[in-house]
Amino acid sequence: MEYDLKLVAEPLNEPLTLAAAKRQVGLHEAEAAFDDELKDLMATARIWAENARAQCLIEQTWDLRLPQGFPGWQSLYVMSPYEIRIPRSPLKLPTGGITHVKYLKTDGAQDTFAVGAAGYVLGVSGTRAFIMPAYGISWPATRITIGVNGEYPVEVRFIAGFGLTPESVPAHIRNAMLLHLEAGYDRDPDHQELLMARAEALLWQDRN
């Protein structure tokens with residue numbers, strides 16, 4: 002399934018606090034000389050962890066945009082060959098994870114596909130989520146072009162993340178991020194390599 006992602010609403014917080022970052026690199030909490038550098042490293046560590054795990058840590062809103070319209074028959078799927086897989090997890094559940102599903106009708110006007118028995122349904126398999134047409138329903142035909150206001154043929158807006166606070170993010174992910182941050186702060190290449198190896202191991206300790 003060809004797609005791209007557009008960030009709509011950034012997370013309100015970072016998974017790491019400045020106080021935790023300072024403790025990790027051995028700075029006193031009142032010392033402010035390196036605050037800007039540490040904040041940059043905090044954001045870098047989050048992006049590293051999110052990209053590596055294909056997850057959102059603190060809740061954020063994205064548009065999943067499908068330039069080829071709704072999917073047709075797919076050879077690899079969880080429940081339906083017409084499913085749209087949400088490429089970031091965990092989806093905000095049980096409600097509110099999917100904000101809307103919009104599409105360009107063949108006349109070029111944008112419309113909203115309904116949720117429920119007359120539209121689409123949400124499925125979850127492990128940490129992954131997907132939407133698919135309800136029983137007896139088909140995806141509507143779309144215009145395969147960009148709309149006059151920049152609309153894609155299909156746009157799925159979703160909210161994903163473990164929660165709104167640092168504490169909602171699993172501890173092993175936050176600890177991996179702290180090691181990543183320390184590696185970015187450190188100036189010893191050998192120590193950096195050791196820190197990153199430990200960070201990678203922690204980041205994936207829940208892998209089955």
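The numbering of the sequence shown is the numbering used here, which starts it at 2 and goes up by one.
Where is the CB? At the ideal position from N, CA and C, for every residue including glycine.
request  = Could you have a look at Tyr136 and say whether DSSP puts it in helix, strand or coil?
outcome  = Coil at Tyr136, not helix or strand.
ask   = Between the C-alpha atoms of Ala172 and Ala202, what's the straight-line distance to the nearest angstrom?
value = 13 Å
Residue from Ile132, Gln56, Glu156, Gly127 with nearest C-alpha to Gln111 = Nearest of Ile132, Gln56, Glu156, Gly127 to Gln111, Cα basis: Glu156.
query = Looking at the unbroken beta strand (DSSP E) that takes in Trp63, where does it start and where does it end?
reply = 61 to 67
query = At a cut of 8 Å, does the segment 45 to 55 reach the segment 15 to 30 through at least three beta carbon pairs?
reply = With a cut-off of 8 Å, the segment 15 to 30 and the segment 45 to 55 count as touching, because enough Cβ pairs lie within range.
request  = In the DSSP assignment, find the unbroken beta strand (DSSP E) run with His101 in it and report its ends.
outcome  = 99 to 105
At least three beta-carbon pairs within less than 8 Å, the segment 71 to 78 to the segment 136 to 155 = yes
inquiry  = Within a Cβ cutoff of 8 Å, which residues of the same chain sit near Leu182, ignoring the five residues on either side of it in sequence?
reply    = Leu17, Ala22, Gln25, Val26, Leu39, Leu42, Met43, Thr45, Ala46
message = Just list the residues that DSSP pairs Val116 with in beta bridges.
response = Tyr121
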